[in-house]
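Quick note on the working numbering: the sequence shown kicks off at 483 and runs consecutively. Written below as structure tokens is the structure these notes are about.
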Amino acid sequence: MRYEDWRREHGSLTHGWWRVAVLSFSVLIIILTSLVDLATPRELTAFGLVIAAAPVLAAVSARPWAVAAVGALAWVMARATSSWQGLGGTTFQQLRLWVLIGITVLSVAVAHSQNVLERRANRGAASESTLAAIVESSEDAIVAMDLSGIIVSWNPSAERMYGFAAEEMIGRTVHRFLSPERAAILPQIMADIRQGGRISHFQTRRLCRDGSYLDVSTSVSPIRDRHGTVVGVAAIDRDITALKHAEEHRAQILERSARAERLESLGQLAGGIAHDFNNLLAINLNYLEFALEQTTDPDTRDDLTRAKASAERARDLTRQLLVFAGKQPTTAETIDLNTVITETRTLLDRTIGGNIELVTHLHPHALPIRADRARLEQALLNLAINARDAMPDGGMIIIESRIEQPDGHARLDITDTGTGMTPEVAAHAFEPFSTTRTTHHSTGLGLATVYGIVTEAGGTITLTTEPGVGTTFSILIPLSTADTTGTGNTVEKADPARLPVR
Numbered sequence: 483m484r485y486e487d488w489r490r491e492h493g494s495l496t497h498g499w500w501r502v503a504v505l506s507f508s509v510l511i512i513i514l515t516s517l518v519d520l521a522t523p524r525e526l527t528a529f530g531l532v533i534a535a536a537p538v539l540a541a542v543s544a545r546p547w548a549v550a551a552v553g554a555l556a557w558v559m560a561r562a563t564s565s566w567q568g569l570g571g572t573t574f575q576q577l578r579l580w581v582l583i584g585i586t587v588l589s590v591a592v593a594h595s596q597n598v599l600e601r602r603a604n605r606g607a608a609s610e611s612t613l614a615a616i617v618e619s620s621e622d623a624i625v626a627m628d629l630s631g632i633i634v635s636w637n638p639s640a641e642r643m644y645g646f647a648a649e650e651m652i653g654r655t656v657h658r659f660l661s662p663e664r665a666a667i668l669p670q671i672m673a674d675i676r677q678g679g680r681i682s683h684f685q686t687r688r689l690c691r692d693g694s695y696l697d698v699s700t701s702v703s704p705i706r707d708r709h710g711t712v713v714g715v716a717a718i719d720r721d722i723t724a725l726k727h728a729e730e731h732r733a734q735i736l737e738r739s740a741r742a743e744r745l746e747s748l749g750q751l752a753g754g755i756a757h758d759f760n761n762l763l764a765i766n767l768n769y770l771e772f773a774l775e776q777t778t779d780p781d782t783r784d785d786l787t788r789a790k791a792s793a794e795r796a797r798d799l800t801r802q803l804l805v806f807a808g809k810q811p812t813t814a815e816t817i818d819l820n821t822v823i824t825e826t827r828t829l830l831d832r833t834i835g836g837n838i839e840l841v842t843h844l845h846p847h848a849l850p851i852r853a854d855r856a857r858l859e860q861a862l863l864n865l866a867i868n869a870r871d872a873m874p875d876g877g878m879i880i881i882e883s884r885i886e887q888p889d890g891h892a893r894l895d896i897t898d899t900g901t902g903m904t905p906e907v908a909a910h911a912f913e914p915f916s917t918t919r920t921t922h923h924s925t926g927l928g929l930a931t932v933y934g935i936v937t938e939a940g941g942t943i944t945l946t947t948e949p950g951v952g953t954t955f956s957i958l959i960p961l962s963t964a965d966t967t968g969t970g971n972t973v974e975k976a977d978p979a980r981l982p983v984r
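If you want it as structure tokens, here you go:
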């Protein structure tokens, strides 16, 4: 136990007994002096002035009322002894009593001054103790340093947040846990602090012992002495890592919500237009069929055949728009996602070409989902083709399936090592006719069709991308507990809560 702690626990008790001892000794002086005075001849009675030492000694106790009581007792005893010796009413007795009164008054004044100083010191010590307790128990890192940047105080929260023990930091320069950009402007900050400036709730980064950086909100204030002179700097750092993650998560949710609303609006618009346009195309195709049946002229038949082929391509585009809008009839069944991936891989291998490696990592258990099998295969094919076109010089496509716990969804990730997309392009990737490829390579409906197929199955699709690194499309579809029948085979019912996560 440190001396300061022992003194805090035992100081008041020891100090109280010490006061009692001083006052008791003062009373003992009065009694002994009076007895000696009575035992000495009258010509030695001047020795009785020693009794005046009692209130002087009592003044050390810093208790004015006790000093006054000791002085009063000394005055009574001095008057009694001098009267006993027959000196009552003499000039000597009067002088002796007035000297005692004067010394007692001075002693009371000294005791009062000491009492005031002691109270101030106790209040200061109590304030310092309270402040020290606050610093020690604070959840924020509190660091004090002198004006040259040398750390003089490092509380337990600073140890916990940054990993440096107090013994490692006290006496060391503050640069040890500053980020490089913050260390570069430290001289300017110190100059501002010397002038009485302060920094409040500034977000920055701090270097931890393990080499990582911690996001903090810091407030820096000057430390002043009792004369108001700036003698040091105090920094209070609060860990805002969780807050920043929460803000980023909230921003992502708002962005996804806005994107979903935008895509829903586009789907309604595209669906309405595509539906009416599809009806018009159906009429045109019927008339073209009639015309082909009624003519035998080769040139005319050739022109009509080309017109019919163009109309059929337009019909296919409108069907893709209707899929995006969710207005195409579907045949949903319970199928195993792993089986769909496995059986579609042969087609994917032929589609993506020989310069691209296709890798699959499937969950070890069946992943039953409720979806239209043909459309899910179309979604896989569209995503594979999109990945292939992003890798003109070859690369790798990775298809993974797994369980997304605890919400009980099957997750399908399609990752490529292609060119990636900028944030501006990625924000509109699922919108109809949005494409980064030239017109003769793409209609811009591939990802829009995938979006419609996934949402139709009750799922969601998101993408993460980085230019020059690649893109990952992540599909979440609710798991089904019914038997999978997509291939005519029955598999064991899957309980999402019991399926292991790969």
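Think of the CB as a built atom: it goes at the ideal place given N, C-alpha and C, for glycine as much as any other residue. Source: prediction; values computed, not measured.
Q. In three-state terms, what does DSSP make of E486?
A. With a pLDDT of 44 at E486, under the threshold of 50, the modelled position of this residue cannot be trusted; read the value that follows with caution. In this structure, E486 counts as helix in the three-state DSSP scheme.
Q.
I need the straight-line Cα distance from T573 to R706, nearest angstrom please.
A. 59 Å
Q: Return the bridge partner residues of A536 from the DSSP annotation.
A: Answer by DSSP bridge pairing: none, since A536 is not bridged.
Q: Please state if the CB of D674 and the CB of T686 are separated by a distance shorter than 9 Å.
A: no
Q.
Residues in the same chain with beta-carbon distance under 6 Å from T946, minus the five sequence neighbours each way, listed in chain order, please.
A. T954
Q) Out of N820, Q860, I838, which has the shortest C-alpha to C-alpha gap to H845? A) N820
Q | Cβ neighbours of R676 in the same chain (closer than 8 Å, five flanking residues each side left out) | A | L629, P704, V712
Q. By the 10 Å Cβ neighbour count, where 16 or more other Cβ atoms means buried, how is V502 classified, buried or exposed?
A. exposed
Q | Inter-residue spacing [alpha-carbon to alpha-carbon] between S924 and I867 | A | Confidence in S924 is poor, its pLDDT being 49 and thus under 50, which makes the residue's placement too unreliable to answer from.
Q.
Rounded to the nearest angstrom, what separates E839 and R827 at their Cα positions?
A. 12 Å
**Q.** Bridge partners - Q685, DSSP secondary structure assignment
**A.** S699
Q) Where does the unbroken beta strand (DSSP E) through I834 begin, and where does it stop? A) Where I834 is concerned, there is no enclosing beta strand (DSSP E), although the alpha helix (DSSP H) it sits in stretches over 819 to 834.
Q.
Please state whether the Cβ-Cβ distance between V504 and T515 is less than 9 Å.
A. no
Q) Per DSSP, which one or two residues make a beta bridge with L908? A) The sequence given here places Ala at residue 908; Leu does not occur at that position. A908 is not bridged to any residue.
Q. Between which two residues does the alpha helix (DSSP H) carrying D985 extend?
A. With the chain running from 483 to 984 in the structure shown, residue 985 is simply not present.
Q. Which whole-angstrom value is the C-beta distance of D898 and G950, which I expect to be below 8 Å?
A. At roughly 12 Å, the Cβ-Cβ gap does not stay under 8 Å, so D898 and G950 are not in contact.
Q.
What does DSSP give as the partner residue(s) for M453 in the beta ladder?
A. The structure shown has nothing for residue 453, since the chain only spans 483 to 984.
**Q.** Neighbourhood of G940 by C-beta distance below 6 Å, restricted to the same chain and skipping five residues each side
**A.** P960
Q) From V822 to Q776, what distance separates their C-alpha atoms? A) 45 Å
Q. With burial defined as no fewer than 16 other Cβ atoms inside 10 Å of the residue's Cβ, what is the status of E938: buried or exposed?
A. buried
Q: Specify, as a first and last residue, the run of the alpha helix (DSSP H) that T897 falls within.
A: Segment 891 to 898 is the beta strand (DSSP E) holding T897; no alpha helix (DSSP H) there.
Q: Just grab the DSSP bridge partners of T947 for me.
A: T953
Q | Cα-Cα separation between L555 and V598, rounded to whole angstroms | A | 25 Å
**Q.** Neighbourhood of A560 by C-beta, 7 Å cutoff - its chain only, sequence neighbours within 5 removed
**A.** G530, I533, R578, L579, L582
Q | H922 versus D854: straight-line alpha-carbon distance, rounded | A | Reliability fails at H922, whose pLDDT of 44 lies under 50, so the model's placement of it is uncertain and no value is given.
Q) Buried or exposed: where does S682 fall if 16 or more other Cβ atoms within 10 Å of its Cβ makes it buried? A) exposed
Q | is_contact[W636, chain C] using C-beta, thresh 9 Å | A | Structure shown: chain C not included; a single protein chain is present.
Q) DSSP state of P846, grouped into three classes? A) coil
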